[in-house]
Amino acid sequence: GLYVDNGVDRTVMARSLSRSERQEVEHEILNLLGLPSRPARAPPNSAAPQFLLDVYKSLLDESNFNISGREQYAIHESDVIMSFTSRSDFHQSGVRHERGRHLWFDVSEVPAGEAIVGAELRLYQNPGLHKNVVIQVYELVVDNGEKALRLVDTAAATGGWLVFNVTGPFTSWVAFPDSNQGLYLSVHFPDKPGHELHPEDVGIASVKGSDASKQPFLVAFFKSSGHRTSR
Amino acid sequence: SRKTRETRRRKKPETTPAETNFSPHPFGDASPHWSSRSCQIQTLYVSFRDLEWHDWIIAPNGYDAFYCSGECNFPLNAHMNATNHAIVQTLVHLMSPSLVPKPCCAPTKLSPISVLYFLDESNVILKKYKNMVVKSCGCH
Chain A
1 GLYVDNGVDR TVMARSLSRS ERQEVEHEIL NLLGLPSRPA RAPPNSAAPQ FLLDVYKSLL
61 DESNFNISGR EQYAIHESDV IMSFTSRSDF HQSGVRHERG RHLWFDVSEV PAGEAIVGAE
121 LRLYQNPGLH KNVVIQVYEL VVDNGEKALR LVDTAAATGG WLVFNVTGPF TSWVAFPDSN
181 QGLYLSVHFP DKPGHELHPE DVGIASVKGS DASKQPFLVA FFKSSGHRTS R
Chain B
1001 SRKTRETRRR KKPETTPAET NFSPHPFGDA SPHWSSRSCQ IQTLYVSFRD LEWHDWIIAP
1061 NGYDAFYCSG ECNFPLNAHM NATNHAIVQT LVHLMSPSLV PKPCCAPTKL SPISVLYFLD
1121 ESNVILKKYK NMVVKSCGCH
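Same order as they appear, the protein sequences are chains A and B. The first sequence begins at 1 in our numbering and counts up one residue at a time. The second sequence begins at 1001 in our numbering and counts up one residue at a time.
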C-alpha cells in the first residue's frame, strides 16, 4: 500500500496499490537486485538453496557457526555467494561411460566484475556405504582438439557432505566460457586405481537421485569490486 | 506525495508552541522544542511474504526499511547527530529563512542486508547489499 506519516511515531496505510503500481514496484525491486525479470519458481527442498539458507542463518547468529575454518573465512570474506545445480542434461562431455560421473554447471550468470574468492563442489555420500574408496574430481579440458582429464582435487569417502576445491576450473569457466566442459568424477578403491566404480554404487547421490536435498551442487564465493552497475 | 503534503499542511496547527514562538535570533531561546516531527528514524516493514515474493526470495521474510523523516530543529533529540555544516546552516537559516533552507534529515549510519533469492529455477544467490538499512538519522 501507499503509506503516510501519521504525525506521531509510525506510518499508516493511505490506500492499496493497484495491480499495475504493484508490478512497477516489483520491477523496481528486481532492478535493485540486478535481475531482468522475476525468476522462475525452483524445485522444493533442493540441496543448494538449503545450504545457502544455512549460511544465511549462520550470518545472523555467529555463535551458531558450525562450519570449518576455511569455509568460515570464505563466507565472511564474500559479498556474494552463488550456488549452481548440476545440469548434466544440458551438456554432453563426450567421455564414454560417463553416466552419473559427469557434472556440468551453468556459470554464465556470474556477475561481471566480482573477484572469485573460491569455489567448492559438494557431493553427498550415504554414510553407510563404502567408506574405503577414493573420489577424484577431474576437469574436462580440450587439449589439441582432443578431450582430456586434468586432476583437480581428491578426497577419501567419509560419508556425509564431501567438499572439493574447484576454484581453478571455476575461474577458468568464468573467464573463458567456451572452456566449460564440466567435471568428471572418478571413484575407486585405493589399491585399484584403474578399476573405476560407479558413484551411485558407493552411495554418492546423483543429479537424478530421488532425494533433491542430497543432489550435488557447486558453491562459489565472490568479493565485490565496489563497482555498481547503472540502473 | 500530494497526500503527504496535504497531511502535513493539515497538521500545521499541531506544531508546538516552542516551534511557533521560536526566536529567529541564533543565540536566542534554546529551550527544548523537540517534537515528534523533528528529524528521526521511522520504521516501515517490508514483508516479502505478504507481497507473495517468497517463492523466489528465500530469506529474509521481510525487513525493517527504516527511513529518516522530520525537520531539523535544534536542539535535536539526544539520539540524533548533526554535522557542523548542519549547525551552521541552521543558524544562517534562522537569520535568512527565505534564502537558506534548513538542513536535511538524512541517514548518518547505514548497514548491509543479505538477501537470498533464486536467480533462475536452479541457481541461487546470497548477496550482501551494502548501505541498505538505515541505522541512524541526523541533520546534514
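Where is the CB? At the ideal position from N, CA and C, for every residue including glycine.
Mind listing which residues of the segment 1107-1119 of chain B have their C-beta closer than 9 angstroms to chain A's C-betas, in chain order?
Within the segment 1107-1119 of chain B, the residues whose Cβ lies closer than 9 angstroms to some Cβ of chain A are 1112, 1114, 1115, 1116, 1117, 1118, 1119, listed in chain order.
Against residue 11(A), what residues of chain B qualify as contacts under a CB-to-CB distance less than 7 angstroms, listed in chain order?
Correct list: 1042, 1044.
Give a yes or no on whether the minimum CB-CB distance between residue 3(A) and chain B is below 8 angstroms.
Answer yes: the Cβ-Cβ gap between residue 3(A) and chain B drops below 8 angstroms somewhere.
Among the candidates 180(A), 158(A), 213(A), 159(A), whose CA atom is the shortest distance from the CA of residue 150(A)?
Answer by Cα proximity: 180(A).
In chain A, which residues lie less than 9 angstroms from residue 996(B) when you measure between Cβ atoms?
As shown, chain B starts at 1001 and ends at 1140. That puts residue 996(B) outside it, with no answer to give.
Distance check for residue 201(A) and residue 111(A), CA to CA, integer angstroms please.
Their backbone Cα atoms lie some 37 angstroms apart in a straight line.
For residue 56(A) and residue 1113(B), what's the separation of their Cα atoms in angstroms?
Near 11 angstroms, if we compare the C-alpha coordinates of residue 1113(B) and residue 56(A).
Residues bridged to residue 1062(B) by DSSP?
The partner list for residue 1062(B) (beta bridge, DSSP) reads 1047(B).
Anyone know if the C-beta pair for residue 1105(B) and residue 1062(B) falls short of 8 angstroms?
Taking 8 angstroms as the Cβ cut-off, residue 1105(B) and residue 1062(B) do not qualify as a contacting pair.
Along the chain, where does the alpha helix (DSSP H) containing residue 1138(B) start, and where does it finish?
Counting along the chain, residue 1138(B) falls outside any alpha helix (DSSP H), though it belongs to the beta strand (DSSP E) covering 1124-1139.
Where does residue 1100(B) fall in DSSP's three states?
Coil, per DSSP.
With three or more C-beta pairs closer than 8 angstroms as the rule, is the segment 101-115 of chain A touching the segment 1117-1137 of chain B?
The segment 1117-1137 of chain B vs the segment 101-115 of chain A: in contact.
By Cβ distance below 8 angstroms, which residues in the same chain neighbour residue 177(A) in space, the five residues on each side in sequence not counted?
For residue 177(A), where only same-chain residues beyond five positions count, the Cβ hits under 8 angstroms are 107, 108.
Buried or exposed: which applies to residue 133(A), given that a residue is buried once 16 or more other Cβ atoms fall within 10 Å of its Cβ?
With 16 or more Cβ atoms within 10 Å of its Cβ, residue 133(A) is classed as buried.
Three or more C-beta pairs under 8 angstroms: does that hold for the segment 112-120 of chain A against the segment 1121-1136 of chain B?
No contact exists between the segment 112-120 of chain A and the segment 1121-1136 of chain B.
DSSP on residue 205(A), reduced to helix/strand/coil?
Residue 205(A): coil per DSSP, three-state reduction.
I need the boundaries of the beta strand (DSSP E) containing residue 172(A), first residue and last residue.
Taken as a continuous stretch (DSSP letters only), residue 172(A) belongs to no beta strand (DSSP E), being part of the alpha helix (DSSP H) at 167-175.
Tell me whether the beta-carbon of residue 60(A) lies closer than 8 angstroms to the beta-carbon of residue 121(A).
Cβ distance not < 8 angstroms, so residue 60(A) and residue 121(A) don't count as in contact.
Measure from the C-beta of residue 231(A) to each C-beta in chain B and report whether the shortest distance is under 8 angstroms.
At residue 231(A), the pLDDT of 46 sits below 50, so the modelled position is not reliable and the matter cannot be decided from this model.
Flag residue 1082(B) as yes if its beta-carbon sits less than 8 angstroms from any beta-carbon of chain A, otherwise no.
Not closer than 8 angstroms to any Cβ of chain A, the Cβ of residue 1082(B) fails to qualify, so no.
Cα separation between residue 205(A) and residue 186(A)?
For residue 205(A) and residue 186(A), the distance between alpha carbons rounds to 14 angstroms.
Of all the options 3(A), 159(A), 158(A), 33(A), which has the alpha carbon lying nearest to the alpha carbon of residue 12(A)?
For the residues 3(A), 159(A), 158(A), 33(A), the minimum Cα distance to residue 12(A) belongs to 3(A).
Among the candidates 1068(B), 1084(B), 1093(B), 1082(B), whose CA atom is the shortest distance from the CA of residue 1133(B)?
Residue 1068(B) is the option with its Cα nearest to residue 1133(B).
Which residue comes first and which comes last in the alpha helix (DSSP H) that contains residue 1092(B)?
Start and end: 1084-1095.
Run through DSSP, which three-state label would residue 115(A) get?
Strand.
Classify residue 139(A) as buried or exposed, calling it buried when 16 or more other Cβ atoms lie within 10 Å of its own Cβ.
Residue 139(A) should be labelled buried.
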